[in-house]
Each structure stands twice: as C-alpha cells, then as structure tokens.
Amino acid sequence: MLLATSVAAAETCGDPSTPISDIQGRSEQSRYVGDTVTVEAILTRDARGKGEFRGFYLQQADHQTDADPNTSEALFVYTKRQQGRSGERLRVQGKVKEFHGLTELTNITSIEVCGEEALPEAIHLSLPWPRNPESYENMRVIFNHPLTVVDSYNLTRYGELTLAASDLVNPNEYRTPGTTTSTANLVLLDDGRSEQNPSPTPWPVGGLGRDNSIRAGSSVHQLQGVLDYRFDAWRIQPTQAPGFRATNPRRPAPARPAAEHLRVVTLNLGNLFNGDFPTSRGARTAEGYQAQQQRLVDALLAPDPDILAVAELENDGYGENSAARALAEALGQQWRMIATPGKDGNDEIRTAIFYRNDRAVPAGKAERLTRGAFSTRGRPPIAQTFRKPGGKASIRVVAAHLKSKSCRGASGADEDRGEGCYAKRRTREARGIAQWLESLAHDSDLAGTLITGDLNSYARETPIATLEQAGYTSMMHRFHPCSADHCPHYTYRYKGQKGTLDYALASQTLIPRVLDAQSWLINADEPRGLGYRDTPATHQPSPWRSSDHNPVIIDIAL
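At position 535 of the sequence shown (counting the first as 1) the number is 535 in the UniProt record's numbering, and the numbers step up by one without a gap.
Below you can see the structure in the form of structure tokens.
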C-alpha cells in the first residue's frame, strides 16, 4: 500500500523509489518533510561509530542523478541500525526531516542491502562557495586547490578547523571600516563526531601537542569528503585523511641589531595574575600560573630586549607579593620594574614597563595618566623616559591598553558600527593619550616618543587615525604594510581574520631613528588548546601560545 501518491513503498531492491533529488528539491526545506519515503542509493560515509553522528550518508549513483544542478543527490540517514557499509547500495525507508538545516531521514523502519556499487564521483568545488551550496548538501566533494587554515579556536573542543581559499586579513587593516568578510569564503573541516573535547585531537596526525601544532596559515591539500551542514555552517566530513603542509612554520625570534641600538618589546600578557587561585581573570591554579609565567618569560626574553612594555598584568601594586614584582624577578636579576605612586586605575589589570638596568637607564620619574577618559575606568597608560647608559639622547616609552572590542554591556553609541563595540570610548582614550603626551615636559635630549601596547583597534580604525592626526605613525605598518593579499606582520586573529591590535607608534622626531618594527608570530596562529590553561600538567618551557597576542619588536638607533 502506498503511503502517499508521490511516495514509493519499501518493497525490494530495484523496485521504484523516491529520488533523493526530489526529496532535496531546490529550496532550503524539503517539501517531503513529515512524509515517509523509500530511497535507494549508495552509502558514501558511515557515521555510526561511537561518538559519531548516529547515521550515514546516502547518495544516488552517477547514472541516477537528475539533470538539475540545483538539487542535491544525497541525504543523511539518522539511525542506529547497523546494516550496510560504505560502497554498498541500500534501500531505506524512513521519515523526512529538516534538522537545523540538514535534510535527513529519521524513524527508519527498514534497511535492505542491495549489493556493492562504485561510489559516486566526487564533485569538484572551490571557495568562495557556488551560489547555492545547498545543491551539494550531503554529497561527495573534493577541493582540488589548497585551502588555508585560518582559525583553530574550536579544535580542542569540537575537533574543527576553519578553512579559506587563502589567509584572511581583517578589512579594517587596509581600507575604510565597515566591510566584512563573507562566510561564503569559509568551510569547516570537521572530525565527524558529536562528542566534545576529542582526545587526541583529530588534527594534526598524532594529536595536538607542544611540538606537534597546526598553525593558522598552514595549508590543506586534496581535501575530500561529504559536504555537511550543521550548527549554521557548511562542513567537510572527510572520507580520507587530509594532507597538511606547514606553510606558516614556527620561526625563531628576530635577531637584534647592533648592541648599541635599543630594542623595545610590547606584549599583551593574557591576564597574568599571581595569587588567590582561582584568579578572576588569569590562571586557575598555582601550577597554571607557573606555567603561564614561564612561557611569558620565554617569549619576552627570546628577542633579547632592553625594555618591555606590557598589558594585562594584575593590578595589585608593586609590593613583595605583587604580580609585577614576581614577573621582574622571573625575568632575571638585571631586570627592574617601573613603579608609579598611587593606584594604577580601577581596573583589575594594568599596563607596566620593565627594563634591563645594564642597557637602559630611567631618566626622570614615571607618569601615569589617571584623568579624563581614564579618571574612573579603563587601564591608565604609563610613560617613562629612558636613555642608554652613558648616552645623552633619550626616548619616552608609553605602555597603553585601550578599551576592548567586546560588546558586553554595550548600548547606544557604544554598539558596533563597523569597528567593534566601544569604538568611541577607544577614540576618546586615544585623544586623551595624545593630549597628555603633549603636556609632558620635552627636554632637548628627547629623541621622541614611542606609544606601544594593545590598542584594540585595526590600522584604519578611528582610534589609530586619531593618534596619526596627533603626529604618531605605526612603525610596523610603515615597514611592513598590510593589504588584502599580503599581511606578513600582525598580532591577533579573530574569527579567521588576522590583523594588528598591538602597536609601536612613533612621534615624527623618532621615526628616522626606528630601524624596524615587526611582530613575532608565536601566539595568534597557535591553537588555544596549547595555552597554559589547557596544558599546565605537561608544560615545558616554550614561547609558543604564551598569550593570544603576538609581541611587537621595535629596534631604535639611540
């Protein structure tokens, strides 16, 4: 007995069945939803193993496809029944359902194995996506061109990597803010599992580890599998192991120039808190803190700096038990911290400056901006003038940290209008810093001012433009400019896009003395699963993923 006039009965292999392309149709939702249908097609990927999707993918044989390129020839069968394996033709009866955008058969009442048959030929795809990727849903596909890993944020939690046709640069790095990158440029490489926290991780081969990373910027070759749609994203569920190449390998710290030159390094420490565990923003345990601090020390000392300007250090004074003193001691006996009187703002974190006393000498007292935009909130910037031992010329180093782009609590003028949330507040802070620096004493030996730190703004956004209008120039962008196709130096990755949030901005008089400004790509490209929060028990000294920001290294002839 027929269940509906358009629906075939189960019967036996070879009897009439409902074409999968009819079930899929041209729209995002099948017109058969709620109907019981019988399909006959080839099992292309089995996902019924432990922790997987509890089902398999069926695709019509090549000689059974329709002539409509806008309809998919495959669907997902949700079942625990164990009949059938990859490369076999199956006759399946079940009810059509749309599960968060994925067309599937559920409530399976029968599965009959009809024998072996050649797998359908994989469809050749490339990014950006074709106009209607729905027409390839659940089908076998292959990417002939290499893809690039642009994000590994969910690698250790969900076994996912985000891929694109090439590395992606945040558009606000090189053109007027307001343009976003379309998700049509992205595809997820999934591990085919529904369980969280896979151990080991599916990629790289052998599982993620300190010496076995998979960095953003790596390339993936001959990726093939089933095109799947889950959790609002198109995914590849691979049918063979993808091939990875380290096209963005780890590199040693840049060699410093002649010893008589001054090297300044700036880094966001990623919330370095040293006590009362679990801390509000940093390490959860004393063991985690030790791992975090050691990695940071490795990262800070490897470039052989003379001055360090840092952000996101616990704001707990300069006493014996403070995070600042602990870091200074961990850096080594030649390192000193710059202390300012009074409280360094009302935030839990602050900016700070450290220096090697055999290579840099403080000239005059430190200054901390605690008025205007920083009077009741924010992280007040600190400024200290230095000169080389026995030298005459001096440089003023500023460590700043502007309001984050996070939208928590944002409303009205603070909402995102193309530059992230709180752009107006960051602009007020930038303007306040410029005005404050103008008000400070400028003696004849001052070669210029260097504003460093996490400014939470991409290069073409208003806060940076405000500082540029005040006479400051981004040295990293001057030496290594960014474009959509080429951005070799950057400090952060967010949702697959790289760009600069951390800066070395030189005053006009200092520019001729700057020899280079560059980032060291040790953190932003590494999976967060390598961070100290996830691996304290297996921690070994290493600069990799010591923070989520890359350091900026500036060399100055002083």
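Note that CB positions come from ideal geometry on N, CA and C, so glycine has one too.
Item                                                                                                                                                                                                      : Value
Along the chain, where does the beta strand (DSSP E) that runs through A302 open and close?                                                                                                               : Looking at the DSSP string, A302 is not in any beta strand (DSSP E), and its letter there is neither H nor E.
Inspect the CB distances between the segment 226-238 and the segment 279-289 and report whether three or more fall short of 8 Å.                                                                          : no
Looking only at DSSP bridge pairs, what is T65 linked to?                                                                                                                                                 : Paired residue(s): none; T65 is not in a bridge.
Should A441 be labelled buried (16 or more other beta-carbon atoms within 10 Å of its own) or exposed?                                                                                                    : exposed
So, at 7 Å on beta carbons, what are the nonlocal neighbours of G378 in its own chain, with the 5 sequence-adjacent residues on each side left out?                                                       : G345, D347, K403 and E429
Less than 8 Å between the CB atoms is what I'm expecting for R451 and L510, so what's the real figure, rounded?                                                                                           : Position check: residue 451 holds Ile in this sequence, whereas Arg was assumed. With 8 Å as the limit, I451 and L510 do not qualify as a contact, their Cβ atoms being about 10 Å apart.
Going straight from the alpha carbon of T376 to that of Q292, what length do you get?                                                                                                                     : 30 Å
Count the other CB atoms, across all protein chains shown, that sit within 10 Å of the CB of T12; report buried if there are 16 or more and exposed otherwise.                                            : exposed
Is K424 helix, strand or coil when you go by DSSP?                                                                                                                                                        : helix
Taking the CB atoms as reference points, tell me whether R210 and S542 lie closer together than 7 Å.                                                                                                      : yes
For G372, which of helix, strand or coil comes out of DSSP?                                                                                                                                               : helix
What did DSSP end up calling L269 once you bin it into helix, strand or coil?                                                                                                                             : strand
If contacts are defined as beta-carbon pairs under 8 Å, then L530 and W544 qualify, I think. What distance do you get, rounded to the angstrom?                                                           : 6 Å
Please classify A47: is it buried, with 16 or more other beta-carbons within 10 angstroms of its beta-carbon, or exposed?                                                                                 : buried
Once the 5 residues before and after P198 are set aside, which same chain residues still bring their CB inside 7 Å of it?                                                                                 : G159 and D191
On the CB-based measure, 16 or more other CB atoms within 10 Å of its CB, does C421 come out buried or exposed?                                                                                           : buried
Please classify M337: does DSSP put it in a helix, a strand, or coil?                                                                                                                                     : strand
Buried or exposed: which applies to K50, given that a residue is buried once 16 or more other Cβ atoms fall within 10 Å of its Cβ?                                                                        : exposed
If contacts are defined as beta-carbon pairs under 8 Å, then S483 and Y503 qualify, I think. What distance do you get, rounded to the angstrom?                                                           : Not quite, the Cβ-Cβ distance comes to about 18 Å (not below 8 Å), so this is no contact.
Output the distance between the C-alpha atoms of P527 and P252, rounded to the nearest integer angstrom.                                                                                                  : 18 Å
Where Y472 and A465 are concerned, what is the direct C-alpha to C-alpha distance, given to the nearest angstrom?                                                                                         : 9 Å
Going by beta carbon distance, what residues of the same chain come within less than 7 Å of D414, once the five residues before and after it are set aside?                                               : C421, Y422, K424 and R425
So is E329 buried or exposed if we call it buried at 16+ other beta carbons inside 10 Å?                                                                                                                  : exposed
Restricting to Cα atoms, I'd like to know which of A326, A517 and I349 is closest to R281.                                                                                                                : I349
When you compare each of A41, V398, S17 and D516 to T351 by their alpha carbons, which one comes out closest?                                                                                             : V398
Sorted by chain position, which residues of the same chain lie with C-beta nearer than 6 Å to P278's C-beta, five sequence neighbours on each side aside?                                                 : R284
Using 8 Å as the cut-off, can you tell me whether the segment 320-335 makes contact with the segment 249-267, which would need three or more C-beta pairs spanning the two stretches below that distance? : no
Whose C-beta lies closer than 7 Å to the C-beta of T106 among residues of the same chain, with five residues either side of it excluded?                                                                  : Y78, G94, K95 and K97
Can you tell me the Cα-Cα spacing of P171 and T462, whole angstroms?                                                                                                                                      : 14 Å
According to DSSP, which residues form a beta bridge with H124?                                                                                                                                           : I142
Which residue marks the beginning of the beta strand (DSSP E) containing residue 603, and which one marks its end?                                                                                        : With the chain running from 1 to 558 in the structure shown, residue 603 is simply not present.
Identify which residue in F273, P254, R193 and R215 has its Cα closest to the Cα of T247.                                                                                                                 : R215
Just verifying my parser: in three-state terms, what is the DSSP assignment at N172?                                                                                                                      : helix
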